[in-house]
Each structure stands twice: as structure tokens, then as C-alpha cells.
Amino acid sequence: SFNPVLRVGDQILETMTEHGLGDRQKGMEKASDLLRLVRLDPERTMKAFPHELSGGMKQRALIATSLLLDPKVLILDEPTTALDVISQKYILNILSDLRRKLGITIVLLTHDLAICTEVVDRIAVMYAGRMVEIAKTQDLFLRPKHPYSMGLIRATPSVFGDVKELKPIAGSPPDMFNPPQGCPFNPRCPFASQVCTSKVPNLEMISEGRLVACHKWGDI
4 SFNPVLRVGD
14 QILETMTEHG
24 LGDRQKGMEK
34 ASDLLRLVRL
44 DPERTMKAFP
54 HELSGGMKQR
64 ALIATSLLLD
74 PKVLILDEPT
84 TALDVISQKY
94 ILNILSDLRR
104 KLGITIVLLT
114 HDLAICTEVV
124 DRIAVMYAGR
134 MVEIAKTQDL
144 FLRPKHPYSM
154 GLIRATPSVF
164 GDVKELKPIA
174 GSPPDMFNPP
184 QGCPFNPRCP
194 FASQVCTSKV
204 PNLEMISEGR
214 LVACHKWGDI
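FYI, in my numbering the residues of the sequence shown are 4 to 223.
Below, the structure written as C-alpha cells:
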């Protein structure tokens, strides 16, 4: 996040200075180009203090700052948290544009499955600190192969499928200081059998580009 007592422009330029990326004039030019890329007015944004920008504007300015070093991979942790729906949509549209224009890879960390459909090609679902399923976005929503993925989709407003009633996942997340034996999802899983309570499933490829960590994936 931005330092509240410094102007946004000074903080953006500091990033370039700390990495030895040219003089101040060149830095101003590059920062201005990147701010335009995320649909911000460069002059206004550079002169502003963080409190003078909306939440969505600050988020876009931070994204522009992260692009100063010309990354090949951009990792975003909950980039739409605390933003209103319109601002969320705007941020996601910008991220899609950045992927196309800059050719960068975006790794999006989120608890909101619905926003994944706006930006990502593939989803990795995690439970209890482990990846339990990796699939193309549409494949995951239409044909989940892990019970936890299925539960998440049933609890999420419909994006691809025809979910008419939202259903919460039964039970509670595991205590990671005292995790269950075997598959960590087995106490909540409607498909669990004896092997699930004794053996942790490995992440295995079940088809091209599709990986699942579940003993019972064939029954789903």
C-alpha cells in the first residue's frame, strides 16, 4: 500500500530510483505511460496524496507501480477486496487488457471464484494448504473433479453452470495444528471412504492439463 504522507508520484518514482532505472525525467515519462495504461490521469495521480484517490484508483496506481520493472509475471493478492462491484469490474477489465497488451502472466490469489472467470485461463484450488485441483477455468466450473471444488462452485452464484440454489459446504475447515488423518477434506466430504481417512491423495494428472488430488475423483 502507499505511504499516506507522501505523494503518489514520489512513491512511484522511488521504486525506479531504488532499482537504478534511469533518471527522474525518464522515470516520470514511464510512470505517466503506465498510469495511462491503467486508465488514470498521470498529472492528477502523481500530485495526489493517497487519501485523495478512491480505493479503485489507488489499486490501479499500485498496479502501475508494479509494472515499472517490466515483470513477466504479476502476482496479485486479492486485488478487488474492499472495492465496490463497479470498481471490481473495472480492475478486472484493466487486468485483462494488461495481459493482452503486455503479454504478461497474471497470478491471481483470491477467495472469490466468480472474479476468476474474468481474468484467468486456469484455476488451482487449494484446501488446507495443498493444491487439490488444477484445471482450465471453464472445465472446473462445468466439471469439477474434487469434492471441495464442487462445494465451492455450489456455494458460488452461477457463472458457467446452472446453479439455481446456493449450498454451503458442510462442516468447518480443519485445525491445521491437529489436522485429520488422510485427506484433510475427508471429514466434510460426501464421497469419503476408508482410504480417504488413512492416506493423503497425491496430485495426479487425470487428463491433459487436469490435475486432481482425490482418491474418489472417478466417482464425481
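Cβ coordinates follow ideal geometry from the N, Cα and C atoms, glycine included.
Per DSSP, reduced to three states, the secondary structure at residue 117 is helical. When DSSP states are grouped into helix, strand and coil, residue 40 belongs to the helix group. Taken atom to atom, the span from the alpha-carbon of residue 204 to that of residue 219 is near 10 Å. In this structure, residue 116 sits away from residue 84, with a CB-CB distance that is not shorter than 9 Å.
According to the DSSP secondary-structure assignment, residue 108 is paired through a beta bridge with 76. Residue pairing by DSSP puts residue 133 in a beta bridge opposite 130. Between residue 86 and residue 59, the CB-CB gap stays under 9 Å.
Collapsing the DSSP output to three states places residue 60 in a helix. For the options 62, 130, 129 and 128, the alpha carbon positioned closest to that of residue 98 is the one of 62. Across the structure, residue 217 and residue 18 are spaced so that their CA atoms are roughly 44 Å apart.
With a contact defined as Cβ atoms closer than 8 Å, residue 126 and residue 68 miss out at about 27 Å. Per DSSP, reduced to three states, the secondary structure at residue 81 is coil, with no helix or strand assignment. In this structure, the CA atom of residue 8 is about 12 Å from the CA atom of residue 50.
Counting every other CB atom within 10 Å of its CB across the protein chains shown gives residue 180 a total below 16, marking it as exposed. Across the set 113, 104 and 55, the C-alpha of 113 shows the shortest separation from the C-alpha of residue 80.
Comparing alpha-carbon positions, the option among 73, 149 and 119 lying closest to residue 82 turns out to be 119.
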